[in-house]
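Counting from 135, one number per residue, gives the positions in the sequence shown under the working numbering. Note that the Cβ used here is the ideal one computed from N, Cα and C, for glycine as well. Because the structure is a prediction, the values reported are computed rather than measured. Single-structure report; data block below.
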Amino acid sequence: KISFTAALKYSSVHNMQFYCNDSINFNKFNVLYSDADVLNVHAEVGYHQNEKLNIAFHFDQYSYSGYGLAKPWYKPMTEVRLITKYNLQDKIIVNFSVLGRGKEYAGIENNSVYILKGYADVNLELSIVFRKCFPSMQT
135 KISFTAALKY SSVHNMQFYC NDSINFNKFN VLYSDADVLN VHAEVGYHQN
185 EKLNIAFHFD QYSYSGYGLA KPWYKPMTEV RLITKYNLQD KIIVNFSVLG
235 RGKEYAGIEN NSVYILKGYA DVNLELSIVF RKCFPSMQT
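Next up, the structure:
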């Protein structure tokens, strides 16, 4: 079974949090609050085969406006996710996921702009299920 979802979301956020590097200590962040409008184009495709195999791919493209800053600090422009789950005879369950984020903007309070490269986060989980009943000790 294959499923598909598409959505266009618009949000007007009051006091959205944006982070900027401290101008003196670059290892610390300051939080800036600003009203912002967020447009999100979302799409996902999924494949489901009984309880044995599930695969889902999600895509989000964001556009920020009205935030009163030079750029939307530390907010991704693009996010993609691939999520898979494989069940082998109800004994071994494998979960695999990849999260990718596109470029983000980083800034210092004086509005200097830096472009951060995108990155990927890869996760693998292996679960072994034991279903044997253990006898209880009776006295």
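Thinking just about the alpha-carbon of each residue, which of the options is nearest to the one in residue i?
| i | options | result |
| --- | --- | --- |
| L260 | R235, Q195 and K219 | K219 |
| S168 | V147, M211 and V228 | V147 |
| T212 | L166, I262, G252 and V232 | G252 |
| L79 | L142, V263 and S145 | Since the first residue of the chain shown is 135 and the last is 273, residue 79 is not available in this structure. |
| S145 | S197, S137 and F152 | S197 |
Compute the Euclidean distance between the alpha carbons of residue i and residue j, then round it to the nearest angstrom.
| i | j | result |
| --- | --- | --- |
| Q183 | D224 | 14 Å |
| R215 | F193 | 7 Å |
| V228 | I158 | 46 Å |
| D255 | H176 | 20 Å |
| N164 | C154 | 5 Å |
| N149 | S199 | 13 Å |
| W207 | L250 | 10 Å |
| N174 | A140 | 11 Å |
| G234 | P210 | 10 Å |
Classify residue i as buried or exposed, calling it buried when 16 or more other Cβ atoms lie within 10 Å of its own Cβ.
| i | result |
| --- | --- |
| G202 | exposed |
| G241 | buried |
| E86 | Nothing in the structure corresponds to residue 86, since the chain is present only between 135 and 273. |
| F160 | exposed |
If you measure from the beta carbon of residue i to each beta carbon in chain C, is any gap under 8 Å?
| i | result |
| --- | --- |
| Y248 | Among the chains in the structure shown there is no chain C, since it carries only a single protein chain. |
Helix, strand or coil for residue i, going by three-state DSSP, please let me know.
| i | result |
| --- | --- |
| D171 | strand |
| M211 | coil |
| L203 | coil |
| F264 | coil |
| F160 | coil |
| N184 | coil |
| K128 | Not covered by the structure: residue 128. The range shown for the chain is 135 to 273. |
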